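Protein chains: 2
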Amino acid sequence: MTSAFAFLLASRQCEIAELEQLARSCELVGAVARLVHALQRERGISNVFLSSRGQRFARQRREQQAECERAEAGLRQWLDALETSATPVGNGSRLFSRIALVLHALEGLPALRERITGHELVAAEATAAFSVLIASLLAVVFEAADSATDPDVSRALVALLHLMQGKEFAGQERALGARSFATGHIDAAGQQQWRHLIESQQSCLQVFADFSQAEGAPAGVASPPSPGSADLARLRHLGCTGDGALDSAFSDAWYETCTRRIDDLHADEDRLARHLRTLCERRIAQAREDLSDQRAVLDRLLGQARPVEPDAPAPLGRQLGRAVFEMAQTQSRRLQDLSGELEAARARLNDRKTIERAKGLLMAHRQISEDEAYKALRQLAMNQNKRLVDVAEALLSLAEVLPARDRPFDGAQDGAKKSSFG
Amino acid sequence: MTSAFAFLLASRQCEIAELEQLARSCELVGAVARLVHALQRERGISNVFLSSRGQRFARQRREQQAECERAEAGLRQWLDALETSATPVGNGSRLFSRIALVLHALEGLPALRERITGHELVAAEATAAFSVLIASLLAVVFEAADSATDPDVSRALVALLHLMQGKEFAGQERALGARSFATGHIDAAGQQQWRHLIESQQSCLQVFADFSQAEGAPAGVASPPSPGSADLARLRHLGCTGDGALDSAFSDAWYETCTRRIDDLHADEDRLARHLRTLCERRIAQAREDLSDQRAVLDRLLGQARPVEPDAPAPLGRQLGRAVFEMAQTQSRRLQDLSGELEAARARLNDRKTIERAKGLLMAHRQISEDEAYKALRQLAMNQNKRLVDVAEALLSLAEVLPARDRPFDGAQDGAKKSSFG
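Chains as they are written, first to last, in my numbering: chain A, 2 to 423; chain B, 2 to 423.
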């Protein structure tokens, strides 16, 4: 017969299991962050290599490839453990499909490198290929953040996701600038893309800065100007606002300024990853201690409840029942409170989901690509001077009045939706 | 070595496992709904029994108690299976702590019945005791709805939760009216409570009605007037708006009208529970079929990829790699889209979490009880003519400027929050 007692302890044990799973996700995110950073460096180096027609950075490229391989091996170790482990993974279906995409993209990496070595690609194409791979890695971090069950860990993961995304925009900016300074010119579309990268970067890093400030992190971690920031502003101004002619003498300064900045951001990533580890460890230790305290109290009461017949099954004495009730009530209230806080911490992830849904709607409705749908949304937001998520929400609220058209991937489900129940 | 192929299939398998778990949660909710209904009847019958000083409904009470015991045994069977099963439970920590509270409340039921038999309680006290037990059961349904991973199932569970909650308000209204008509009078506080029960009931049933309409359910399920509704309106008017003197001749009519209405709502519950079962079965069958289709395509390509050396490990041919990539991409997009839809389906649950958080804040800040905090929020909402959730949100947004005070249950966590990272 199941008892309140058994479920009270089972609840604590589940909580610990959930936290341990979260700790594993955080380790996975750390391994992803290291590979992303190595790939961003390789992308930057490959850009200089290609733009200089192989004259520069050939050695650095070889060294960086070896670095990437080490980081990849580190990630694969986590993935092997994940695939063979019997422990459940929160949000497994989405996480695993994201990992499948990462592994597919990694399988194409040797071929990409060969084509760069053979100068079969221009710098912009190589950048785009690396960026697709990195985007697939960031999507894994998104899923990990989305499956977090603890508000503090969730907040830290959301901050890390935005820091990584902001750093990725910084890496793309470095690549774009490196190409432009190396070739000595940039067109209007390039300048618009550059401004877009700066803007997106700042909005992502602001999320991280807000988090750092709220957590009382040491000053100067993120948004306050990092050294070289004045140089960066000057070089950006040259690149984005001029008539398109650029002085290639600034190539090195640009590359170094950006690299310093990206390395600073990477140091922040490392700090935040360590913070995440400490946070998980502390939570798990606390939950274990609470479980053991509860057990001790209940065992003592259980002992008192059966002093007469030591062999008989212990009846739940009135005092024990009361203790179980009070513990279960405190636990329920605490978990419910955490769950509410979690929703608040996830708000930014939900914004992203809203934007994704609106994009999907546009893609299905106008039969356009993902990229075109994103640009259309962005244009709408700029024209109306609204946030992207507000435009996305407005669009979704109109979904019902738009003529229905089956989306390719869930036609079967549409049938189910229209049927009546009962 | 882990491959994209392996993770693609693992993603599908996880999806199936998540759906199977959801199907089990829905069965649990069905068992909870049956016990709630039996207890609501017993509460109603006990009210008449107590108000008539044991003259009426003694036989019905015995029969209904047997009915409750059968329903309780049905629920305990599910709980036993849940406790001993090795399969993971989504949201286990919260669900289990809720179940612990239910089991504790059930342990007190025999004593409650004895006190009713011995007329040691007045009707209002007995009603309150049953209502606490039923509230603990509804909290289990809330957690089940909160852990749903499929948007259609989530929508149906949210509708069922509101239908059950609305029916519970209807049950409390029946009890209040039964007491009032039986004793022949009602005071102003009782009338206010009555109006509050009607209002809360309607807003819950509206959620269910919206869902039924969206799903194209047969007309007349919920919000449209059920037979006896004109009688109900007339009797409500007598009870809520007069000078407090009531004609006890209406006792039977009141009890029967309400009971008919509650039984109608229970029929809706049954239909919705069946709909949920069908929905889960259909989803699982579809996911299994998709998995087997994917496997067939990939096995065929895998066969084509190794015609030369049948014993060598199969290399992932270019065509196979492409197929894996396309499947993983479709799957990711579909799952992401579902996840966005899920957030939308959960919006009403999140409203409730917001209200819970605001309540918790008030309780901690003003050192008041849960009930007092709820009443304070409600009063604020009425004074400002705003929705409860909007007042709750406004309050939470002010949390930072309110003087900090450690909540009793997470003092340890507050320490962590204030610490810096790195």
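Quick reminder that beta carbons are idealized off the backbone N, C-alpha and C, glycines included.
The structure presented is a predicted model; accordingly, all values stated were derived computationally and were not measured.
Between B/Asp151 and B/Leu20, the beta carbon gap of about 7 Å places them in contact (Cβ cut-off 8 Å).
Linking B/Ala393 to B/Thr355 through their CA atoms gives a straight-line distance of about 6 Å. In this structure, DSSP gives A/Ala246 an extended state, which the three-state scheme calls strand.
Within the stretch 155-180 of chain B, no complete beta strand (DSSP E) segment of 3 residues or longer occurs. Excluding five sequence positions before and after A/Leu389, the CB atoms of its chain that fall closer than 7 Å to its own CB belong to Ile356, Leu378, Arg379 and Ala382, given in chain order. Note that the C-beta distance between B/Arg349 and B/Val159 is below 7 Å. Rounded to the nearest angstrom, the gap between the Cα atoms of A/Thr118 and A/His105 is 21 Å. The beta carbon of B/Arg57 is closer than 6 Å to those of Val49 in its chain, skipping five residues each way along the sequence. By the C-beta criterion, the stretch 240-248 of chain B is judged not to be in contact with the stretch 129-148 of chain B, since fewer than 3 inter-stretch pairs fall below 8 Å. Secondary structure note for A/Leu397: its alpha helix (DSSP H) is the uninterrupted segment Leu389 to Ser398.
Rounded to whole angstroms, B/Ala359 and B/Asp291 show a C-alpha spacing of 44 Å. Straight-line spacing of the CA atoms in B/Gly178 and A/Leu362 works out to 50 Å.
For B/His186, the three-state secondary structure derived from DSSP is strand. Chain order gives the chain B residues near A/Val325 as Ala101 and His105, where near means a beta carbon separation below 8 Å. Against chain A, the beta carbon of B/Thr118 has no neighbour under 7 Å; the closest one sits roughly 20 Å away.
Under a criterion of Cβ atoms nearer than 7 Å, no residue of chain B is adjacent to A/Ala210; the nearest Cβ is some 14 Å distant. For B/Val37, the enclosing alpha helix (DSSP H) stretches over residues Ala5 to Ser52.
Judged by DSSP in its simplified three-state form, B/Leu122 adopts coil rather than helix or strand. The count of Cβ pairs closer than 8 Å, one atom from the stretch 24-33 of chain B and one from the stretch 141-148 of chain B, reaches three, so the stretches are in contact. DSSP places B/Gln368 in the coil class of the three-state scheme, outside both helix and strand. Ranked by Cα distance from B/Glu270, the first of B/Asn384, B/Leu36, B/Cys15 and B/Arg296 is B/Leu36. With a threshold of 16 other beta carbon atoms within 10 Å, A/Ser398 falls short and is exposed. For B/Lys354, the chain A residues whose C-beta falls within less than 8 Å of its own C-beta are Gln337, Ser340, Gly341 and Glu344, listed in chain order. A/Gly45 sits buried, since 16 or more C-beta atoms from the chains shown fall within 10 Å of its C-beta. DSSP places A/Gln337 in the uninterrupted alpha helix (DSSP H) bounded by Arg319 to Ala346. Put simply, the backbone Cα of B/Ile17 is about 26 Å away from that of A/Leu76. At a cut-off of 7 Å between beta carbons, B/Asn351 contacts chain A. Assigned with DSSP and collapsed to three states, B/Ser148 falls in coil, not helix or strand. Interface annotation, B/Gly185: not in contact with chain A, CB-CB separation never under 7 Å. B/Gln380 is outside the set of residues whose beta carbon lies under 7 Å from a beta carbon in chain A. With fewer than 16 other CB atoms across the displayed protein chains lying within 10 angstroms of its CB, B/Glu64 is exposed. For the pair of segments examined, the stretch 278-289 of chain A was found not to touch the stretch 192-204 of chain A: the number of CB pairs separated by less than 8 Å stays below three. Inter-residue distance for A/Ala274 and A/Leu161 is about 8 Å (C-alpha atoms, whole angstroms). Shown here for B/Ile263: same chain residues with a beta carbon closer than 7 Å to its own, the five before and five after excluded, namely Gln41, Lys168, Ala171, Gly172 and Arg175 in chain order. Taking the beta carbon of B/Gln332 as reference, the chain A residues within 7 Å of it are Ser98, listed in sequence order.
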